[in-house]
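Trainee: First the structure, then my questions, so here it is.
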Amino acid sequence: MQVETFDFIIIGAGTAGCVLANRLTEDPNTSVLLIEAGGVDNHPILKLPLFAGVAYNYAPTNWGYTAQEGENLFGREIPWPRGKVLGGTSSINGMMHIRGNPDDFDRWARSGAAGWSYDEVLPYFLKAEGNLDRDGEYHNKNGPFKVTSAHSPHTLYRTFINACESAGYKYNSDLNGKSQDGIGRQDFNIHRGRRVSASTAYLNPIKSRKNIRILTNNHVARVLFKNSRAIGVECIETRNKKKVNFSVTKEVIVSAGTVNSPQILQLSGIGDIHLLKKLDIPVVKELPSVGQNLQDHLGAYVQVSCRKRISLYNLFRKDRLALAIAQAILFRTGPATSIPLEAGGFVRADEASKLPDFQITFCPGLSLETTRQGQGRHGYLVHYYLARPKSRGTIEIVSKDPCAFPLIKPNSLSDPTDLKLMIAGLGIARNILAQNAFDEVRGMEISPGTDVSGEDREAHWIKQNATTVWHPTSTCKMGEDNSSVVNSDLKVFGINNLRVVDASIMPSITTGNTATPTIMIAEKASDLIKNDHSLLL
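Just so we're aligned, residue 47 is where the sequence shown starts under our numbering, counting upward by one.
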């Protein structure tokens, strides 16, 4: 049987893969196969921003992973949503547009990732950005990845910002500008009342190009090699389990995300030699760092009941919700066209910190779980996340079956510094909510609750309740040392024609949400690939 051949094969039509597909097919003489394990992104839940809290748990577009935490989180099994759909996790996430702190990228460069300093990656953030509300040297209006600023008139957002200023945190009118420090209104990947994902921004406009083939519902089993050169991929069709191979003339690009990229490399014979031999997988290249260095933002909520009936709960009365949805569908306006996390920012644990220790967001409502459990209706919360965790986890395959889920072990709080900071973050969140600005609306503290006081009880509560905020990175780390998987050009060490391009290559996690930095990585990688193969820029 004849095997179809392409110049480039991209594994994963997610946040990075869609960008690569767009940019590489700008050269009309270049053929690209884009392979996605999930299906198309046409469900209404994936379109209206208000449904973000539902989208990340929507089973048909979610891998449905579970992470196994260690003793520092009491061995809990924690859901780990990852997008299994065109656009990947950018199709199910919270749409928050955060680049990260400039020092994040300078730190990458200092660690050996040449060419990835902030000054060197800023042009790619700008190339991607289509900011409809901001201008100046840190913004661009013309890029495909549309950005709008928070616009909800809800009074509690202003209350929160006032409280933060009273607590000593400065107001920042642009969290993606010159400085990240401070509190303000946030930016989102929302345009005309709809989610902007990597699929809608980069893939939809190019589907008519004759030099791209988009293959959905196909699970990549492994990369195929001849000696140490990638020559193609083996896929499994999701519906009929039929195997099909494709060959490549230039490169295979693994863009399957922080969980699936190391999984695919390990299944293909690239990884820790002891793991591969244990599972009877032929060794192509010994790279023990594949699946190591896992990093994620750990977060927790402080929730308070609201004495006035002005919280988000009002929106979820059936008649009001139906009206909001209709308004959003018909006119692209109203509360269903935004996500209720419109205020937040970045704060330090104390004056000795040189960089933000926490990202915090404010919601004028309680968590869905709290409401479902009957713990309250009207309320509000501060969600705080550890910005630069020191703990490191792992992702490893447990079977040579490509459809078997890998073992995800985040090892959260395994570094004692992280627990100390999480306790400090709890104090910061409580202090903000105790400011005079909230006096007229403040009710009882729902969680942790006033009985959770003192370092021991606070530590216990954090271990019992802290969870991922869905920003895993760094399992195919970029660098030049023995802990790295790819070099600064994102080429896998010791292998020809194989790159990894997604959040897994981050040497260290960025300060903030990770979708926008992943878009940047793919934009920069596209130019690296084009230059290597003399494609049209």
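Where is the CB? At the ideal position from N, CA and C, for every residue including glycine.
#1: Tell me whether GLU115 sits in a helix, a strand or coil according to DSSP, three-state version.
#2: Beta-carbon within less than 8 Å of VAL515's beta-carbon, same chain only, minus the 5 sequence neighbours each way: which residues are those?
#3: Using a threshold of 8 Å, state whether the C-beta atoms of LEU361 and PRO381 are closer than that.
#4: Are VAL79 and PHE292 closer than 8 Å when you measure CB to CB?
#5: Near SER437, what residues of its chain come up, given a Cβ to Cβ distance below 7 Å and the 5 sequence neighbours on each side ignored?
#6: Rounded to a whole number of angstroms, what is the C-alpha to C-alpha distance between GLU569 and SER245?
#7: Measuring CA to CA, which of ASN222, LEU168, ARG231 and GLY500 is closest to PRO199?
#8: CA-CA distance, HIS197 and ALA374?
#9: If the criterion is Cβ atoms closer than 8 Å, does the pair VAL65 and SER572 meet it?
#10: Quick one: is ASP527 buried, meaning 16 or more other Cβ sit within 10 Å of its Cβ, or exposed?
#11: Taking only runs of the beta strand (DSSP E) that begin and end inside the segment 104-188, which ones reach a length of at least 3 residues, in chain order?
#12: Please report the distance separating the alpha-carbon of PHE539 from that of ARG423.
#13: Per DSSP, LEU376 forms a beta bridge with which residues?
#14: Residues in its own chain within less than 6 Å of VAL290 by CB, not counting five upstream and five downstream?
#15: Give a yes or no on contact between the segment 252-262 and the segment 210-226, applying the rule of three or more CB pairs nearer than 8 Å.
#16: Which of the three DSSP states is assigned to ALA470 in this structure?
#17: What residue range does the alpha helix (DSSP H) around GLY99 cover?
#18: Are GLY337 and THR521 closer than 8 Å when you measure CB to CB?
#19: Please state whether the Cβ-Cβ distance between THR61 and SER136 is less than 8 Å.
#20: Check each candidate in LEU340, ASN88 and ALA302 and name the one with the smallest Cα separation from ALA267.
#21: To which residues of the same chain is PHE171 closer than 6 Å at the C-beta, ignoring the five residues directly before and after it?
#22: Below 6 Å CB to CB, which residues in the same chain sit around ASN263 once its five sequence neighbours on both sides are set aside?
#23: Please classify TYR215 as buried or exposed, where buried requires at least 16 neighbouring CB atoms within 10 angstroms.
#24: Starting from the Cα of LYS272, find the closest Cα among GLN349, LYS288, VAL294 and LEU261 and give me that residue.
#25: By Cβ distance below 7 Å, which residues in the same chain neighbour ALA470 in space, the five residues on each side in sequence not counted?
#26: Are the CB atoms of GLN309 and ILE443 nearer to each other than 8 Å?
#27: Measuring alpha carbon to alpha carbon, tell me which of ALA174, LEU414 and THR560 ends up nearest ALA98.
#28: Which residues does DSSP pair with GLN405 in a beta bridge?
#29: How would you call MET468, buried or exposed, if buried means at least 16 neighbouring beta carbons within 10 angstroms?
#30: Please name the residue, chosen from LEU479, THR560 and PRO563, that lies closest to ARG204 on a Cα-to-Cα basis.
#31: Does the CB of GLU72 have a neighbour CB from chain D at under 8 Å?
#32: Among GLU501, MET524, ALA372 and GLN510, which has the Cα closest to the Cα of ALA339?
#33: Applying the 10 Å Cβ sphere with the 16-neighbour rule, what's the burial state of THR107?
#34: Out of TYR359, PHE151 and ALA450, point me to the one whose CA is closest to THR564's CA.
#35: Are three or more beta carbon pairs between the segment 110-129 and the segment 478-494 nearer than 8 Å?
#36: Can you tell me whether VAL100 is buried or exposed? The criterion is at least 16 other CB atoms within 10 Å of its CB, across all chains shown.
Mentor: Looking at the atomic coordinates:
#1: In the structure shown, GLU115 sits in coil (DSSP, three-state: anything other than H, G, I, E or B).
#2: Non-local beta-carbon contacts of VAL515 in its own chain, meaning distances under 8 Å to residues more than five positions away in sequence, involve ASP342, HIS343, LEU344, GLY345, HIS429 and TYR431 in chain order.
#3: Going by C-beta atoms, LEU361 is nearer than 8 Å to PRO381.
#4: One detail in the question is off: residue 79 reads as Leu in this sequence, not Val. For the 8 Å CB-CB criterion, LEU79 and PHE292 form a contact.
#5: Within the same chain, SER437 has close Cβ partners ASN457, SER458, LEU459, SER460, ASP461 and ASP464.
#6: Rounded to whole angstroms, GLU569 to SER245 spans 14 Å at the Cα level.
#7: It is ARG231.
#8: Taking the straight line joining both Cα atoms gives about 15 Å.
#9: Yes.
#10: A residue is called buried once 16 or more other Cβ atoms fall within 10 Å of its Cβ, and ASP527, having fewer, is exposed.
#11: Fully enclosed beta strand (DSSP E) runs of 3 or longer: 111-114, 123-126 and 175-177.
#12: Distance from the CA of PHE539 to the CA of ARG423, rounded to the nearest whole angstrom, comes to 54 Å.
#13: Beta-bridge pairing links LEU376 to no other residue.
#14: Excluding positions up to five away in sequence, the list reads CYS281.
#15: Contact between the segment 252-262 and the segment 210-226 is absent, with fewer than three C-beta pairs closer than 8 Å.
#16: Reduced to three states, the DSSP call for ALA470 is helix.
#17: Start and end: 98-101.
#18: Yes, the pair counts as a contact, with Cβ atoms nearer than the cut-off.
#19: The answer is yes: Cβ separation under 8 Å.
#20: Comparing Cα positions, the closest option is ALA302.
#21: Setting aside the 5 residues that flank it on each side, PHE171 is surrounded in the same chain by ARG145 and MET566, each with a C-beta closer than 6 Å to its C-beta; the list follows chain order.
#22: Result list for ASN263: GLY85 and THR284, in chain order.
#23: Label assigned to TYR215: buried.
#24: The shortest C-alpha separation from LYS272 is found at VAL294.
#25: Closer than 7 Å at the Cβ level, and outside the excluded window around ALA470, lie ALA395.
#26: Contact: yes.
#27: It is LEU414.
#28: The beta-bridge partner set that DSSP reports for GLN405 consists of PHE392 and TYR431.
#29: By the neighbour-count rule (16 or more Cβ atoms within 10 Å), MET468 is buried.
#30: Residue LEU479 is the option with its Cα nearest to ARG204.
#31: Absent here is chain D; the protein component of the structure consists of one chain.
#32: Inspection of the sequence shows that residue 339 is occupied by Asn rather than by Ala. If we check each option's Cα against that of ASN339, MET524 comes out closest.
#33: So THR107 ends up on the buried side.
#34: Answer by Cα proximity: PHE151.
#35: Output reads no: the segment 478-494 does not touch the segment 110-129.
#36: Burial call: exposed.
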